[in-house]
Each structure stands twice: as C-alpha cells, then as structure tokens.
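Notes follow once the structure below has been shown.
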Ligand code: ADP
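In the working numbering, the protein residues as written are 2 to 436.
As structure tokens, this is what we get:
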C-alpha cells in the first residue's frame, strides 16, 4: 500500500515537473524568438498593427468622434473601439508567425494559439486623452505563457498590451513527454500487484496445506489409537485369572491382538511410505503380467480379507493383454479403490470392475454405488491428505492418502487416473496404463 502511495506520488510529481518544464521551454523559446526579432530586424512584429491602429485612432478621435451624452453611450463607444483595435492588432501582428517558425526550427511543436491582451488603451484627442480601456490583467491560466508586455505611445493613442502563447493541447504534450517515465512506473506498479497476488495465493495455498497436515495428524492419531487401545484392553483381559482356564477365550483374544497388530503395522507402513515417497520418486519393479488375471486375483483376495464385504461384478475385456507393471504397486492401487468403494457406501456395496483395451492403453475401471463426490471436491481428492469432511463422510476413518497413492502410482507407470461421480449415485475411477 505504501509502495503504491509512493508510486502515485511519483507519477503526480513527474507530471507536474514535465508540465513546468514544458511551460518554461515555451517561455524561453518565445522570448528568445522575440529578442532575435528585435535585434535583427529592429522590430517586434507589431509595427504594421500599430500603424493601422494609429490611423484608426486618429480617425476616431478627430472627425468621427460622436457626441456621447449618456454613460451607456460612452460604454458602448469604448467597447466598440476596443473590439476594433483588437481585431486590427490580431489581423496584422507578425510576431505569431515568426515565433511559430522559430519554435519549429528549434524542433518543438508549434500548433499553439496566440493571444493579445490590452490592459490600457487611450485615445489622444484635441480635448485631451480619452480612456478606452484600463483592465487589470487576469491570472494567466495554466496553459498560457506570457511572452512579453509592451507599452507604446503613438501619435493618436497610448497602449499597454501583453502577448501570450496558449498551449491548448498541453495535456497531450505533457503526456507525450512523460510517457516513458509513466510507462516505467505503471509497469513497476503492475509488477508489484502481480507479486502481491502471487504471494497471497502462495500464502493461501500454504495455509490450506498446513490445515490438511493438521487434519492428517489428527486422523492419524485417531487411527493409531483405535487398534492400540484394543490391544491394551485385550492384554489386560489375558491377565485376568478366570480367563486362564478358558483356552477358547485366550485364543480369541490372541487372534484379536494379532489382527489389530497387523492393522497397526499397515498404518505405520502407510505413514512411512508417505515420507519415503516425498524424498524419492517411485522406483518400479516392472513385470510382464496378464492384467485380467492379476485384477481377478486382487479382487478375490480383497473379498477374502474383508469377509465378503461387497458384491463385486467383474468384466475382463482385454483378452488377456500383457502389460509391464509393478505388481505390488498395481495391487495397492486397485485395493485402495476397492476399499474406498466399500468405505464410502451408505448401503450394501456393489462394485463393478472392468478392464478394457484402448488405443495405446489398458483401462481398469472401478465403479461403485456409493455416496458419490460433490463437484467441488473432484479436483482435490487426489491431493495428499485431502479428505471430504462434510455430511456423514467424516465419520469414516482415513488418512487422505489412498487416492494420492493411486494417482502417483498411475503416473509412475506413465498413466493416469480419472474420476467421474454423481453424488448419491456412485463414483467411477478409471486407471489408464500405457501398453
Ligand atoms: P481417505 O479414504 O483416507 O479419506 P482417500 O485419498 O482414499 O482418503 O480419499 C479422499 C477422499 O475422497 C475421501 O475422504 C472421500 O471423501 C473421497 N472418496 C474417495 N473414494 C470415494 C468413493 N469411492 N466414493 C465416494 N467418495 C470417495
């Protein structure tokens, strides 16, 4: 803000400075021109005008002087004489054209107007001087330059007048002269605004990431605590005497501890993988595999491990195409999609898994009948730690890493993952891997 204020102040002062310089230049040039005229030609450019005015004044003052009875008569007469004098001078003065060519030769614009201002004018009559005008000069407006004031006495009149140059298009002239400086300043203002906007956006992005991280830590703590507390309770149970005589319960508890330890281990691995992935790129250990067969195996073991938690409809259409991929990562990818399809479903989960051959890719589609994803989240769900925390979904556990992995694994294979969803109807993920 301060910088902007300084810039605006600078623009303002540059403008004023250029304006003063312009007026000064025309003042100097026109005065130089006038002195040249005076020194070389012994003339000031008003000789002809003064001669004619003299004749006109003589004529008015002698024979044609009307009888002025009332004050109104006198005023009207003065006005008429003054107007005539103005027009005689303006028609016959030679200074304007001389200055125009002088200024042009000096290399500057000369399309200015010239003006004469009569401040005192009096006719000399037989009955003494008759004052026609005595006008205090008004303040010179900002576009005008006073070239010189003249005082002249002739046979038939006395006159004081000023000659001025009027730079009617002064603004345009100043603009042309100040253009470069103004452009530079405006450019720098634009750069500052741009930097400001970029910094602001970066800040917002950082804030968003930091919020995501905080959410992640909260989720992670929650996720780790659940199996841990189960294990603790199970451990305490085993310490109780009455249970020592009941081998079935011992076995059950041990089984529970085992299951929870595996879950805990998986969670820790996931977290470790994140930090590992951050530091290095994926290193794929590619193998030539039949995608249809591999996908079917993954589906089968998924169903076993979750005790048939969903109905999965399979359709393999690649004709057993062989693809070079990392077996482990591919399995993680499909498993994550299947697990989400089950997690984010309000009713009985039904999943359709399909493979097909495209032009240069093999495509694997996982579609579900789940809760769906609102439009505004679709662009973000592949981001690290991103979770949708509205509606009932936040009750579902997760770390916001599943889809992040899926996307990164697909990319590491040179492929991609896309999503299509209708809230309330279901979601379809499509993985494409180049053949
Ligand atoms: P997590 O499941 O741990 O929250 P993910 O990265 O797997 O993290 O998913 C990110 C978010 O995308 C989830 O929080 C969920 O809201 C949404 N999501 C993912 N898969 C589905 C799906 N099949 N149906 C509806 N929402 C989904």
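No residue lacks a Cβ here, since even glycine has one placed at the ideal position from N, Cα and C.
**Asked** What do you get for residue 150, buried or exposed, if any count of 16 or more other CB atoms within 10 angstroms of its CB means buried?
**Response** Sequence index remark: in the chain shown, residue 150 carries index 149 (1-based). Classification for residue 150: exposed.
**Message:** Using 8 Å as the threshold, is the C-beta distance between residue 31 and residue 166 below it?
**Reply:** As a first step, residue 31 must be located in the chain shown, where it is residue number 30. As a first step, residue 166 must be located in the chain shown, where it is residue number 165. Yes, the pair counts as a contact, with Cβ atoms nearer than the cut-off.
**Request:** Assign residue 358 to one of three DSSP states: helix, strand, or coil.
**Result:** Residue mapping note: residue 358 aligns to position 357 of the chain shown, counting from 1. Correct three-state label for residue 358: strand.
**Message:** Under 7 Å: does the beta carbon of residue 372 sit that close to some heavy atom of the ligand ADP?
**Reply:** Here residue 372 refers to the residue found at position 371 of the chain shown. Under cutoff, so the answer is yes.
**Message:** Can you give me the C-alpha to C-alpha distance between residue 74 and residue 81, rounded to a whole angstrom?
**Reply:** The sequence position of residue 74 within the chain shown is 73, counting from 1. The sequence position of residue 81 within the chain shown is 80, counting from 1. If I take the Cα positions, the gap works out to 11 Å.
**Prompt:** According to the neighbour-count rule (16 or more other Cβ atoms, all chains shown, within 10 Å of its Cβ), is residue 393 buried or exposed?
**Reply:** Counting from 1 along the chain shown, the entry for residue 393 is found at position 392. Interpretation of residue 393 is limited by its pLDDT of 49, a score under 50 that renders its predicted location unreliable; no figure is taken from the coordinates.
**Message:** Which same chain residues end up closer than 6 Å to residue 422 when comparing Cβ atoms and leaving out the 5 residues on each side of it in sequence?
**Reply:** In the chain shown, the residue the question calls residue 422 occupies position 421. Within the same chain, residue 422 has close Cβ partners 373, 374, 428.
**Prompt:** Does the segment 342 to 356 come within contact of the segment 305 to 323, defined as at least 3 CB pairs closer than 8 Å?
**Reply:** Verdict: yes, contact present.
**Coil, strand or helix - residue 49 by DSSP** = Residue 49 sits at position 48 when you count from the first residue of the chain shown. Helix at residue 49.
**Prompt:** In terms of residue numbering, what span does the alpha helix (DSSP H) encompassing residue 433 cover?
**Reply:** Walking along the chain shown from the start, residue 433 turns up at place 432. Premise fails: residue 433 lies in the beta strand (DSSP E), 427 to 435, not in any alpha helix (DSSP H).
**Request:** Could you tell me if the beta carbon of residue 341 falls within a distance shorter than 7 Å of some heavy atom in the ligand ADP?
**Result:** On the chain shown, position 340 is the one that residue 341 refers to. Yes, the beta carbon of residue 341 sits closer than 7 Å to at least one heavy atom of the ligand ADP.
**Request:** Give the straight-line distance between the Cα atoms of residue 164 and residue 115, rounded to the nearest whole angstrom.
**Result:** Stepping through the chain shown from its first residue, residue 164 is reached at position 163. Stepping through the chain shown from its first residue, residue 115 is reached at position 114. Cα atoms of residue 164 and residue 115: separation of roughly 7 Å, rounded to the nearest angstrom.
**Message:** Which of the three DSSP states is assigned to residue 79 in this structure?
**Reply:** Here residue 79 refers to the residue found at position 78 when the chain shown is read from its first residue. Helix at residue 79.
**Prompt:** Assuming residue 239 and residue 251 make a contact with CB atoms under 8 Å, what is their CB distance in whole Å?
**Reply:** In the chain shown, counting from the first residue as 1, residue 239 sits at position 238. In the chain shown, counting from the first residue as 1, residue 251 sits at position 250. Rounded, the Cβ-Cβ distance is 7 Å, consistent with contact.
**Prompt:** Would you report the Cα separation of residue 336 and residue 206, rounded to the nearest angstrom?
**Reply:** Stepping through the chain shown from its first residue, residue 336 is reached at position 335. Stepping through the chain shown from its first residue, residue 206 is reached at position 205. The straight-line gap separating the alpha-carbon atoms of residue 336 and residue 206 is approximately 30 Å.
**Prompt:** Hey, how far is the Cα of residue 50 from the Cα of residue 119?
**Reply:** Start at 1 with the first residue of the chain shown, and residue 50 comes out as number 49. Start at 1 with the first residue of the chain shown, and residue 119 comes out as number 118. Cα to Cα, residue 50 sits roughly 13 Å from residue 119.
**Request:** Let me know if residue 469 comes out buried or exposed under the rule of 16 or more other beta-carbons within 10 Å of its beta-carbon.
**Result:** Residue 469 is absent from the structure shown; the chain starts at 2 and stops at 436.
**Request:** Pull up the CB-CB distance for residue 436 and residue 363, whole angstroms please, since I reckon it's below 8 Å.
**Result:** For this step, residue 436 is matched to residue 435 along the chain shown. For this step, residue 363 is matched to residue 362 along the chain shown. Cβ atoms of residue 436 and residue 363 come within 8 Å of each other, at about 6 Å.
**Message:** Threshold first: 3 residues or longer. Then list the beta strand (DSSP E) segments lying entirely within the segment 107 to 137, N to C.
**Reply:** Complete beta strand (DSSP E) runs here, min 3: 114 to 126, 129 to 135.
**Prompt:** In three-state DSSP terms, what is residue 388?
**Reply:** As a position in the chain shown, residue 388 is number 387, starting the count at 1. Under the three-state reduction of DSSP, residue 388 is assigned to coil, being neither helix nor strand.
**Message:** One question on the structure: do residue 180 and residue 58 come within less than 8 Å of each other, judged by their Cβ atoms?
**Reply:** Taking the first residue of the chain shown as 1, we reach residue 180 at position 179. Taking the first residue of the chain shown as 1, we reach residue 58 at position 57. Cβ atoms of residue 180 and residue 58: not closer than 8 Å.
**Asked** Quick one: does the C-beta of residue 352 sit closer than 7 Å to a heavy atom of the ligand ADP?
**Response** As a working note, residue 352 is residue 351 in the chain shown. Answer for residue 352: no, Cβ out of range of the ligand ADP.
**Message:** the ligand ADP and residue 355: does the residue's C-beta get closer than 7 Å to at least one heavy atom of that ligand?
**Reply:** Start at 1 with the first residue of the chain shown, and residue 355 comes out as number 354. False, no ligand heavy atom lies under 7 Å from that Cβ.
**Request:** With a 10 Å radius around its C-beta and 16 neighbouring C-beta atoms as the bar for buried, classify residue 232 as buried or exposed.
**Result:** In the chain shown, residue 232 corresponds to position 231, counting from 1. Burial check for residue 232: the Cβ neighbour count within 10 Å reaches 16 or more, so the residue is buried.
**Message:** With H, G and I counted as helix, E and B as strand and the rest as coil, what does DSSP make of residue 404?
**Reply:** By 1-based counting over the chain shown, the position of residue 404 is 403. Note: residue 404 maps to helix in three-state DSSP.
**Asked** In angstroms, rounded to a whole number, what distance separates the CA positions of residue 344 and residue 248?
**Response** Position 343 of the chain shown holds residue 344. Position 247 of the chain shown holds residue 248. Roughly 35 Å separates the two Cα atoms.
**Message:** Can you list, in chain order, the residues of its chain with a C-beta nearer than 6 Å to that of residue 386? Leave out the 5 residues immediately preceding and following it.
**Reply:** The residue you call residue 386 lines up with position 385 of the chain shown. Excluding sequence neighbours, residue 386 sits near 213, 217, 401.
**Prompt:** For residue 257, which of 108, 230, 78, 245 has the nearest alpha-carbon?
**Reply:** Indexing the chain shown from 1 puts residue 257 at position 256. Closest by alpha carbon: 230.
**beta-carbon residue 436 near the ligand ADP non-hydrogen atom, thresh 7 Å** = Residue 436 sits at position 435 when you count from the first residue of the chain shown. The ligand ADP never approaches residue 436 closely enough for any of its heavy atoms to be under 7 Å from the residue's Cβ.
**Asked** Ends of the alpha helix (DSSP H) at residue 152?
**Response** By one-based count along the chain shown, residue 152 stands at place 151. Run containing residue 152: none in the alpha helix (DSSP H); it sits in the beta strand (DSSP E), 145 to 154.
**Request:** Using a threshold of 8 Å, state whether the C-beta atoms of residue 371 and residue 346 are closer than that.
**Result:** Taking the first residue of the chain shown as position 1, residue 371 is located at position 370. Taking the first residue of the chain shown as position 1, residue 346 is located at position 345. In contact: residue 371 and residue 346 (Cβ atoms closer than 8 Å).
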